[in-house]
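In my numbering, the protein residues as written are 147 to 436. These notes concern the structure reproduced below.
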DNA sequence: CCAACTACCTGTTAGC
DNA sequence: TGCTAACAGGTAGTTG
């Protein structure tokens, strides 16, 4: 379940090992990992061979290896994807889908149990954003992230605020874990419609999202089931600091009320029923926009 | 255009 | 013991 902090940990690891290196050999196994690379896995492997890694960048949960000639190897980790730097002597792990042999003899491996992740080669625009990432909004770590503008869009929506937080076209990088954590910090229930919040309240909420993700990044990210690891195969420690996500039945750290879990969008929402009261299913809002 | 629903996956765990 | 079902959930495509 890598979200922004976990992807950033991976980005830093890949950058430290791969920038300035040449891809001596590329191996793509199976078709699914390259399903978003329309010309197919053989084309992907052939076009990556011999390329140099110029930089490793990220927006939201997408990361990419910027290559020579303004192209990028776009990587999405999906639910369970891992990028691992390994000595070639180490045996292949289960679910190895791609291997890149670098010119220092080390391998960059893409491993993914649930195969929601994938790889694609794409061109970059003038801002250095690959084509498959163009529709993804800036994330809260982006220097040009504009919370007031995001809030202005959110207060025009009747959707629940958690749904809006998870909408990668509005703000990227936030997944189920950090959405629940940000809402707990802001004392807002995730089903409050955007239009029932004020713009300053949403700006504060986005600030909480940024803060909790920054704190998680300092701990090396959150890991629940050892699926998320950095490029050396190590887990982060932020799961010990979670206050809502995964805390069902435990007392809220602020008020002691037991944290509740409810089904939401085929997943779970965790919240404190006292600090984050369920919105009264009130009347259909008369609009108040300006 | 916007909102909501679903397919895509597999290892682990809970329940019978 | 062995089987089945639930669960984890980000993205893209479809439907309304």
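Just so you know, even glycine gets a beta-carbon here, dropped at the ideal spot from N, CA and C.
Asked	Found
Euclidean distance between Cα positions of residue 440 and residue 255	No information on residue 440 is available, as it lies outside the stretch 147 to 436 that the chain covers here.
Nearest-angstrom Cα separation, counted from residue 211 out to residue 270	11 Å
Own chain residues within Cβ distance below 7 Å of residue 422, not counting five before or after	329, 330, 333, 334 and 335
Neighbourhood of residue 170 by C-beta distance below 7 Å, restricted to the same chain and skipping five residues each side	247, 248 and 249
Stretch-stretch touch, CB-based, cutoff 8 Å, three pairs: the region 274-284 with the region 235-244	no
Three CB pairs or more closer than 8 Å across the region 392-399 and the region 303-318	no
Given 8 Å, three or more beta-carbon pairs between the region 187-201 and the region 340-353	no
Selection from 251, 192 and 381 that minimises the alpha carbon distance to residue 233	251
Residues of its chain near residue 301, where Cβ-Cβ distance is below 8 Å and the 5 sequence neighbours each way are ignored	340, 341, 343, 344, 345, 348 and 435
Cβ-based burial, residue 223 [other Cβ within 10 Å; buried from 16]	buried
Backbone CA spacing between residue 150 and residue 274 [nearest angstrom]	19 Å
Distance, residue 166 Cα to residue 486 Cα	A question about residue 486 goes unanswered here, because the residues of the chain that appear run from 147 up to 436.
Any 3 or more C-beta pairs closer than 8 Å across the region 153-167 and the region 187-195	no
Alpha-carbon to alpha-carbon, residue 356 and residue 177	36 Å
Distance CB(residue 276)-CB(residue 220) smaller than 8 Å	yes
Exposure of residue 266, with buried meaning 16 or more beta-carbon neighbours within 10 Å	buried
Rounded straight-line distance, which links the Cα of residue 375 to that of residue 187	25 Å
Backbone CA spacing between residue 261 and residue 181 [nearest angstrom]	11 Å
Residue from 389, 209, 263 and 310 whose Cα sits closest to the Cα of residue 297	310
Contact under 8 Å by Cβ, residue 401 with residue 389	no
With 16 other Cβ atoms within 10 Å as the buried cut-off, status of residue 289	exposed
Rounded Cβ spacing between residue 361 and residue 338 (contact assumed at less than 8 Å)	Between residue 338 and residue 361 the Cβ distance is about 24 Å, and since that is not below 8 Å, they are no contact.
Contact under 8 Å by Cβ, residue 268 with residue 217	yes
Length of the line joining the Cα atoms of residue 358 and residue 327	7 Å
Contact under 8 Å by Cβ, residue 379 with residue 365	no
Three-way DSSP call (helix, strand, coil) for residue 322 in this model	helix
Reference residue 263, options 225, 253 and 363, closest by Cα	225
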